[in-house]
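Below is one structure, written out as structure tokens; the observations come after it.
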Amino acid sequence: MKKIILTGGGSAGHVTPNIALLPSLKDAGYEITYMGSYDGIEKKLISDFDIPYIGISTGKFRRYLDLKNFTDPFRVIKGFSEAKKFLKNHRPDVVFSKGGFVSVPVVRAAASLGIPCIIHESDMTPGLANRMCIPAAKKVCCNFPETLKQLPENKAVLTGSPIRAELAQGNKLAGLNMCGFSANIPVVMVIGGSLGAANVNKAVRDALPRLLTDFQVVHLCGKDKVDNLLLNTPGYKQFEYVKTELKDLFAMADIVISRAGANAICELLALKKPNILIPLPASSSRGDQLLNAKSFEAQGFSIVIQEDDLTTDMLVDKVHELYFTRQTFRDAMNNSGQMDSIKTILGLIEDAAGSDKDT
């Protein structure tokens, strides 16, 4: 049986594309192991899939002054040693990495043992962790045509992002029952990300008195971000995070408000959900979400609100605008010609695994 190591973590966006690959990898006969941090969100998300999980030490490479900058390099070195020891004994045919800092010691350890690595960059510009892995990678997958220019020509492959097939198989009635919503009132779905989005959460909650006159709102607000004072508000339902039920919430939603992480917006595109994107500002990130949102806005897939411009009035106005013009956005997404990313990536994995056996 062929063996593959999946890695990636730190946020749900570094895990869900790996999860999307699982059915195809199993059908192709791979024995799958996941390697992540000791207690990161990746461990929690993978626990539902009956896959061996190997925890390693990891640290973050920061661009700003922090005392952890002096200790985290030692955690990364420890993680490299732990990963190398496991990989040497397990001897997988290939490693597939979705990024995040936990992937760095895994990919570098695999490369040191001659194990081929495929990595995936979701955003328009490669993140620091992936930039550290690119020299060790056999192929680098990406979502945006603009990204190809920033990658080594002999490694770059435009694949799109793997999307879980089950997301398109949701049940609208199940979503309505889960939230206690009426079938006669349109639904706005708010996705703040697995770690939450404080400014988006606040803006949505401030707008509730006006939004709830015309809409019902389901709010994925992030870990420990539920507002207990609003638990019994009619037409408003909060969740920290959902797993299998996400497909039913998507099926129920008429429009979506979201951050502009690459995996999140690729899911919105695949599901043809009209959306408002509120990207992380440059002051809080490396600016990748701003570029992602700009690309989707230019293609007619999204309305974009800059967080620095976000007000209650603007949010309410844009929600109404999006709802009443939603078919225009669906039409643009229907014409996008989405690629079969899972099939393309599986082909790269098979080629890499085969080349390892031939050498």
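Residue numbering for the sequence shown follows my numbering, beginning at -2 and increasing consecutively.
Think of the CB as a built atom: it goes at the ideal place given N, C-alpha and C, for glycine as much as any other residue.
Can you give the beta carbon distance from residue i to residue j, rounded, assuming they're within the 8 Å contact cut?
| i | j | result |
| --- | --- | --- |
| residue 6 | residue 76 | With 8 Å as the limit, residue 6 and residue 76 do not qualify as a contact, their Cβ atoms being about 12 Å apart. |
| residue 39 | residue -2 | Not quite, the Cβ-Cβ distance comes to about 23 Å (not below 8 Å), so this is no contact. |
| residue 345 | residue 131 | Going by Cβ atoms, the distance from residue 345 to residue 131 rounds to 15 Å, so no, they are not a contact pair. |
| residue 243 | residue 125 | No, residue 243 and residue 125 are not in contact; Cβ-Cβ is about 29 Å, not under 8 Å. |
| residue 223 | residue 235 | 5 Å |
| residue 43 | residue 83 | Incorrect: roughly 16 Å between the Cβ atoms, too far for contact. |
| residue 34 | residue 343 | Going by Cβ atoms, the distance from residue 34 to residue 343 rounds to 26 Å, so no, they are not a contact pair. |
Quick one, which of the options has its alpha-carbon nearest residue i's?
| i | options | result |
| --- | --- | --- |
| residue 341 | 281, 154 and 229 | 154 |
| residue 218 | 208, 209 and 233 | 233 |
| residue 78 | 55, 171, 89 and 90 | 55 |
| residue 255 | 1, 295 and 194 | 194 |
| residue 73 | 325, 45, 105 and 143 | 105 |
| residue 273 | 70, 231, 319 and 295 | 319 |
| residue 275 | 264, 330, 300 and 99 | 300 |
| residue 316 | 89, 210, 36 and 149 | 210 |
| residue 100 | 200, 80 and 253 | 80 |
| residue 23 | 41, 46, 36 and 135 | 46 |
| residue 150 | 136, 140, 161 and 156 | 136 |
| residue 18 | 82, 1 and 207 | 1 |
| residue 322 | 350, 351, 332 and 270 | 270 |
| residue 208 | 313, 237, 48 and 51 | 313 |
| residue 129 | 8, 268, 119 and 102 | 102 |
| residue 220 | 189, 283, 162 and 290 | 189 |
| residue 8 | 247, 268 and 238 | 238 |
| residue 337 | 263, 41 and 245 | 263 |
| residue 200 | 156, 148, 311 and 281 | 311 |
| residue 349 | 148, 152 and 171 | 152 |
If you count every other CB in all the chains shown that lies within 10 Å of the CB of residue i, and 16 or more means buried, which is it?
| i | result |
| --- | --- |
| residue 111 | exposed |
| residue 180 | exposed |
| residue 11 | buried |
| residue 159 | buried |
| residue 297 | exposed |
| residue 143 | exposed |
| residue 182 | exposed |
| residue 225 | exposed |
| residue 295 | exposed |
| residue 285 | buried |
| residue 177 | exposed |
| residue 123 | buried |
| residue 90 | buried |
| residue 198 | buried |
| residue 354 | Low per-residue confidence applies at residue 354: pLDDT is 47, beneath 50, and the placement is therefore not dependable, though the value from the model is reported in the following sentence. It counts as exposed. |
| residue 257 | buried |
| residue 162 | exposed |
| residue 331 | exposed |
| residue 212 | buried |
| residue 148 | buried |
| residue 289 | buried |
| residue 86 | exposed |
Between which residues of its own chain and residue i is the CB-CB distance below 7 Å, once the five residues before and five after are set aside?
| i | result |
| --- | --- |
| residue 108 | 114 and 133 |
| residue 14 | 95, 117, 158, 159 and 260 |
| residue 203 | 309 |
| residue 359 | Nothing about residue 359 can be reported from this structure: the residues present for the chain run from -2 to 356 only. |
| residue 329 | 296, 297 and 298 |
| residue 173 | 180 and 249 |
| residue 127 | 96, 116 and 118 |
| residue 175 | 242 and 245 |
Here's a check: name, in chain order, each residue in its chain whose Cβ is nearer than 6 Å to the Cβ of residue i, leaving out the five neighbours to either side.
| i | result |
| --- | --- |
| residue 250 | 184 and 186 |
| residue 361 | The requested residue 361 does not occur in the structure, where the chain is confined to residues -2 to 356. |
| residue 326 | 271 |
| residue 167 | 244, 245, 247 and 248 |
| residue 307 | 200 |
| residue 48 | 29 and 31 |
| residue 280 | none |
Give every residue of the same chain whose Cβ lies closer than 8 Å to the Cβ of residue i, excluding the five residues on either side of it in the sequence, and list them in chain order.
| i | result |
| --- | --- |
| residue 26 | -2 and -1 |
| residue 278 | 287, 303, 304 and 305 |
| residue 205 | 214, 227, 230 and 233 |
| residue 333 | 266, 296 and 298 |
| residue 145 | 139, 153 and 155 |
| residue 347 | 25 |
Of all Cβ atoms in chain D, is any one closer than 7 Å to the Cβ of residue i?
| i | result |
| --- | --- |
| residue 45 | This model lacks chain D altogether, as it is built from one protein chain only. |
Quick check: is any heavy atom of the ligand PLP less than 6 Å from the C-beta of residue i?
| i | result |
| --- | --- |
| residue 288 | In the structure on display, the ligand PLP does not appear, and there are no ligands present to speak of. |
### Message
So within the segment 274 to 354, which uninterrupted alpha helix (DSSP H) runs reach at least 4 residues, ignoring any that extend past its ends?
### Response
285 to 295, 309 to 321 and 323 to 331
### Task
Run through the segment 67 to 151 for me and flag every whole beta strand (DSSP E) of 3 or more residues, listed as ranges in chain order.
91 to 94, 114 to 118 and 136 to 139
### Task
Starting from the N-terminal side, write out each stretch of the beta strand (DSSP E) that is 3 residues or longer and does not extend beyond the segment 206 to 238.
213 to 217 and 233 to 236
### Message
Threshold first: 3 residues or longer. Then list the beta strand (DSSP E) segments lying entirely within the segment 167 to 199, N to C.
### Response
184 to 188
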